[in-house]
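**Student:**
Residue numbers (the numbering used here): 126 to 562.
#1: Decide yes or no for the touch test of the region 538 to 555 against the region 488 to 508: beta carbon pairs closer than 8 Å, at least 3 of them.
#2: Report the start-end ranges of each alpha helix (DSSP H) in the region 328 to 388 that is 4 residues or longer and not cut off at the edges.
#3: What are the partner residues of residue 293, as DSSP defines its beta bridges?
#4: Within the same chain, show all residues whose beta-carbon is closer than 6 Å to that of residue 409, passing over the 5 residues directly before and after it, in chain order.
#5: Does residue 469 come out as helix, strand or coil in the three-state DSSP assignment?
#6: Out of curiosity, what's the CA-to-CA distance linking residue 327 and residue 233?
#7: Distance check for residue 475 and residue 218, CA to CA, integer angstroms please.
#8: Report all residues from its chain with a CB closer than 7 Å to the CB of residue 336; omit the five preceding and five following residues, and keep chain order.
#9: According to the Cβ coordinates, are residue 292 and residue 300 closer than 7 Å?
#10: Between residue 157 and residue 517, what straight-line distance do the alpha-carbon atoms span, to the nearest angstrom?
#11: How do the region 308 to 320 and the region 342 to 352 stand: do at least 3 beta-carbon pairs fall below 8 Å, yes or no?
#12: Which whole-angstrom value describes the C-beta separation of residue 351 and residue 310, a residue pair presumed to lie in contact below a C-beta threshold of 8 Å?
#13: Tell me, to the nearest whole angstrom, how far the beta carbon of residue 354 is from that of residue 188; I am working on the premise that it is less than 8 Å.
#14: Does residue 409 come out as helix, strand or coil in the three-state DSSP assignment?
#15: By the 10 Å Cβ neighbour count, where 16 or more other Cβ atoms means buried, how is residue 133 classified, buried or exposed?
#16: Can you tell me the Cβ-Cβ gap for residue 312 and residue 303, rounded? I've got them flagged as a contact below 8 Å.
#17: To the nearest angstrom, how far is the alpha carbon of residue 183 from that of residue 382?
#18: With DSSP as the reference, label residue 241 as helix, strand or coil.
#19: Using 8 Å as the cut-off, can you tell me whether the region 416 to 430 makes contact with the region 455 to 463, which would need three or more C-beta pairs spanning the two stretches below that distance?
#20: Are the beta-carbon atoms belonging to residue 175 and residue 480 less than 7 Å from one another?
#21: May I ask you to report which of helix, strand or coil DSSP gives residue 232?
#22: Near residue 150, which residues of its chain fall below 7 Å by C-beta distance, leaving aside the five closest residues on each side in sequence?
#23: Could you name each continuous alpha helix (DSSP H) segment of 4 residues or more that falls completely within the region 155 to 209, going from the start of the chain to the end?
#24: Cα separation between residue 329 and residue 269?
#25: How long is the line joining the alpha carbons of residue 252 and residue 359, rounded to whole angstroms?
#26: By Cβ distance below 6 Å, which residues in the same chain neighbour residue 406 in space, the five residues on each side in sequence not counted?
#27: Under a Cβ-count criterion, where at least 16 other Cβ atoms within 10 Å of its own Cβ denotes burial, should residue 394 be classed as buried or exposed?
#28: For residue 439, is the classification buried or exposed, using 16 other Cβ atoms within 10 angstroms of its Cβ as the cut-off for buried?
#29: Short of 6 Å in beta carbon distance, which residues of its chain neighbour residue 437, apart from the five on each side in sequence? Order them along the chain.
#30: Mapping DSSP to helix, strand and coil, what is residue 319?
#31: Could you check the C-alpha separation between residue 179 and residue 498 for me, to the nearest Å?
#32: Quick one: Cα of residue 216 to Cα of residue 471, how far?
#33: Is residue 508 helix, strand or coil when you go by DSSP?
#34: Taking the alpha carbon of residue 339 as the reference point, which residue from 275, 361, 203, 482 has its own alpha carbon closest?
#35: How far does the alpha helix (DSSP H) with residue 532 in it reach, from first residue to last?
#36: In this structure, how does DSSP classify residue 481 when only helix, strand and coil are distinguished?
Set out below in structure tokens:
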């Protein structure tokens, strides 16, 4: 198999993206217009529907219902009108109980992927646990010993489960898509096992601190439960799953090196300081676009390195791939600014056109195969675009900054097809490396 070189991939992506920098078509030398009323664009911007979930199997509603049931059981232990001498504590408990109960019974966001809905259910469950423990603390009950035992149980179960993961799947791409969410859940479990601040020595004096500590550990347990159930469900549904650990690990480390060593071409532009261009970019689309692009590359690089260090190789593959996409965006933005792009006046028409171009680029990227991987790599573009569209109905965003979001989404999406193909090839090389051992 012909190996795609690092510079070959990046040069190909870069050539396509740099061509997009001419879309503004506005002179950088004209006077700035008065502030544009972007609120008038509400309902008049090209939108992109949320695509089907990239997770390789369906997520049953019963998983979310388990969290809601647990949350209701916890709140049942708190009376509607708690009898507590401290009136302020009693009032806050009533308010917290009502808020937690309303959240548990609220309809889930239909415009969210199932795994994201599970996240909101875990949050609701943890808030219910916080209210119950705060009530117990306020009435003289000390949950400190029980909490320590609960933490030990969760930690032991997590360690056993994590040690058994072998990225079992029908192939390395499927392994990444199926196991990256599990790695995220296990990371959430680990982080939430250490509540800060910890459970107080005198819970009656600090009931809400006690409640927060218990609620945090409850969320940790909920994340672990989701990870285990999703894994079991995936293995039952997968076709002839076999361990893919070596393939994914080799690909992750290769992609991390590619991302790290490919950044020399944006040397001097990796920090979000627009003064590096030695021109006045204040109030232009260029300033926000460059700041966001530089920050995005830095974050993706840091996330990739952390994932490799933690042996979360599925997450490392996706983070590195998004990092390569971010590198292409920063390269295109720097080139465009140097050539005078993104610095003209912005009108409603300009923003409208930017949204249309962004939506078209995203729709095209979502047609890339393998679809699940392409959708995961397209998430930054997709959610940047959708957030920008929603913003005009919520407040009056600055027009140059709004256009910057659409330009960024367009550039991100345009790099997805090449990045997807490159990641697939890296995973296949990892597979070949494993077979040659």
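By construction, the Cβ of each residue, glycine as well, lies at the ideal position given by its N, Cα and C atoms.
**Tutor:** Inspection of the coordinates gives the following:
#1: yes
#2: Considered as a whole, the region 328 to 388 harbours 332 to 362, 370 to 386 as its complete alpha helix (DSSP H) runs of no fewer than 4 residues, in chain order.
#3: 368.
#4: 468, 525
#5: coil
#6: 37 Å
#7: 51 Å
#8: Excluding residues within five positions, the ones whose Cβ falls inside 7 Å are 255, 256, 258, 259, 262.
#9: yes
#10: At residue 157 the pLDDT is 46, less than 50, meaning the model places this residue with poor confidence; the figure from the coordinates comes in the next sentence. Roughly 21 Å between the two C-alpha positions.
#11: yes
#12: About 6 Å; that satisfies the 8 Å criterion.
#13: 6 Å
#14: coil
#15: Since pLDDT at residue 133 reaches only 44, below the 50 mark, its modelled position is unreliable, and the value read off the structure follows with that caveat. With fewer than 16 other Cβ atoms within 10 Å, it is exposed.
#16: The pair is not a contact, with the Cβ atoms about 16 Å apart (cut-off 8 Å).
#17: 34 Å
#18: helix
#19: yes
#20: No, they are not a contact pair.
#21: Looking at residue 232 - three-state DSSP - the assignment turns out to be coil, as it is neither helix nor strand.
#22: With a pLDDT of only 38 at residue 150, under the threshold of 50, the placement of this residue in the model should not be trusted; the figure read from the coordinates follows. Nothing listed; no residue qualifies.
#23: At a cut-off of 4 residues, the continuous stretches assigned as alpha helix (DSSP H) that sit fully inside the region 155 to 209 are 186 to 200.
#24: 12 Å
#25: 29 Å
#26: 399, 412
#27: buried
#28: buried
#29: 308
#30: coil
#31: Taking the straight line from one Cα to the other gives about 7 Å.
#32: 51 Å
#33: helix
#34: 275
#35: 524 to 539
#36: helix
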